[in-house]
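Residue numbers (the numbering used here): -2 to 214.
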């Protein structure tokens, strides 16, 4: 079972039941997260994880960027689609979660393809001059989503894909937004920004807390 603030629970359960099963190694990561972390709901979870894996397998990206590692669940899902010479760079600033995911990455089948860096994502992107990103997963500071995308687009070729998580923010974007609610306000502004930006095309999906697919034209 997975929680979904968009769809009725019964329908969410049906969708999950008739999607591919979560691999055992990811079940271990998810259950370990639920037992040991204070905010386990931040994990992508089984259903969204299978979606991330499918997108990665379809794209076969050589260079993936993840902004917001948390416990590494989504990192591993994305890594499933990497070709032999592919790599994923995952960024986070929290040293506590690094102690959690380091042994998991080391013991995984993708240990030589994962580059986990403790760094501020904005600073990393401002100083980045490496290979173009083929696939990016945004799941970090929601107030900086617009800034992330502005920095990312010049670092991507036409056809590059960005996946932005939590764009519905527990459906709060549907209501009159309190001026003090900075995160919901920022996410609504981000949703408006990507909708109107002529450099990209977007599709918002009702997956868990909302997931927007952004393709560079």
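We put the beta carbon where it would ideally sit given N, CA and C, even for glycine. No experiment lies behind these values; they were computed from the predicted model shown.
* **Assigned secondary structure, residue 173 (DSSP; H/G/I helix, E/B strand, else coil)** => coil
* Asked: Considering only the beta carbon of each residue, do residue 162 and residue 206 sit closer than 8 Å?
  -> Taking 8 Å as the cut-off, the Cβ atoms of residue 162 and residue 206 count as close.
* To do: Can you check DSSP and say which residues form a bridge with residue 213?
  => 197
* Three or more beta-carbon pairs under 8 Å between the stretch 60 to 72 and the stretch 99 to 112, yes or no? -> Contact holds: three or more Cβ-Cβ distances are below 8 Å.
* Apply the 10 Å Cβ neighbour rule to residue 67 and answer buried if 16 or more other Cβ atoms are within range, or exposed otherwise. => buried
* Does the beta-carbon of residue 233 have 16 or more other beta-carbons within 10 angstroms, so that it is buried, or is it exposed? -> The first residue shown for the chain is -2 and the last is 214, placing residue 233 beyond what the model contains.
* Contact set for residue 153: own chain, Cβ-Cβ below 6 Å, skip 5 residues either direction -> 129, 130 and 213
* **Buried/exposed call for residue 89, threshold 16 Cβ in 10 Å** => buried
* At what residues does the alpha helix (DSSP H) containing residue 49 begin and finish? -> 43 to 56
* To do: Could you name the residues of the same chain whose beta carbon sits closer than 6 Å to that of residue 132, not counting the 5 residues immediately before and after it, in chain order?
  => For residue 132, where only same-chain residues beyond five positions count, the Cβ hits under 6 Å are 56, 58, 61 and 158.
* **residue 166 vs residue 180 beta-carbon contact at 8 Å** => Yes, Cβ-Cβ distance for residue 166 and residue 180 is below 8 Å.
* Kindly indicate which three-state DSSP category residue 133 falls into: helix, strand or coil? => Strand.
* Grab me the residues of residue 48's own chain with a C-beta within less than 7 Å of its C-beta, minus the 5 sequence neighbours each way, in chain order. => 204
* Asked: What residues in its chain sit with their C-beta under 7 Å from that of residue 37, if we drop five residues either side in the sequence?
  -> Around residue 37, the same chain offers 30 and 31 as residues with beta carbons nearer than 7 Å, after the five sequence neighbours per side are excluded.
* To do: Grab the span of the alpha helix (DSSP H) containing residue 124 for me, first residue to last.
  => First-last of the alpha helix (DSSP H) with residue 124: 118 to 124.
* **Opposing strand residues paired with residue 89 [DSSP bridges]** => 115
* Asked: residue 115: which of 141, 176 and 64 sits nearest, CA to CA?
  -> 64
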